[in-house]
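For reference, the structure discussed in these notes is given below.
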Amino acid sequence: MVPTLQWKGEPPPQYGMSNDLFSVEIHHGGLFVGQGVNRAYIDEKVDWFDNCETDTWSSLWLEDFALELGYEKSPNLKTYWLLPGKTLADGLRIISTDADTIVSIGMTL
């Protein structure tokens, strides 16, 4: 199954407990401000991509999502992941390789 951008106001899919599908929440277009415990990401937009598969999840999907959201492919475009239960001050990780996406799947399942 191919991940799809969730339309505004559309309800999220209902995945079963044994399903290998998941949704990804993307915060984009904002600015990082502050440092340490005062760090925040402001003025962002939030979009969801549904029907992502654990078996095919990779950094390439994140590149595709960025293109679909209107961003041009560039070495300056960075993708971050926030560890579950953490804050921007202590849980923000950059995703640059497939190994990073594999770690993210393992920590959220």
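Sequential numbering from 1 applies to the sequence shown in my numbering.
We put the CB at the ideal spot given by N, CA and C, even for glycine.
Residue range of the unbroken alpha helix (DSSP H) whose run includes residue i
i	result
residue 90	88-91
residue 67	59-68
Beta-bridge partners of residue i, as assigned by DSSP
i	result
residue 25	48
residue 33	40
residue 53	21
residue 95	79
residue 4	50
Own chain, CB closer than 6 angstroms to residue i, minus 5 neighbours either side, in chain order
i	result
residue 54	20 and 105
residue 48	6, 23 and 25
Close beta carbons around residue i, own chain, < 7 angstroms, minus the five adjacent residues each side
i	result
residue 45	28 and 29
residue 33	40 and 42
Spatial neighbours of residue i in its chain, beta-carbon cut-off 8 angstroms, leaving aside the 5 residues before and after
i	result
residue 118	Shown here, the chain extends from 1 to 109; a query on residue 118 therefore has no answer.
Residue i - containing beta strand (DSSP E), residue span
i	result
residue 41	40-42
residue 71	Careful: residue 71 lies outside any beta strand (DSSP E) and carries neither H nor E.
residue 80	79-82
Sub-8 angstroms separation of residue i and residue j beta-carbons
i	j	result
residue 96	residue 52	no
residue 57	residue 101	yes
residue 78	residue 63	no
residue 12	residue 50	yes
residue 43	residue 31	yes
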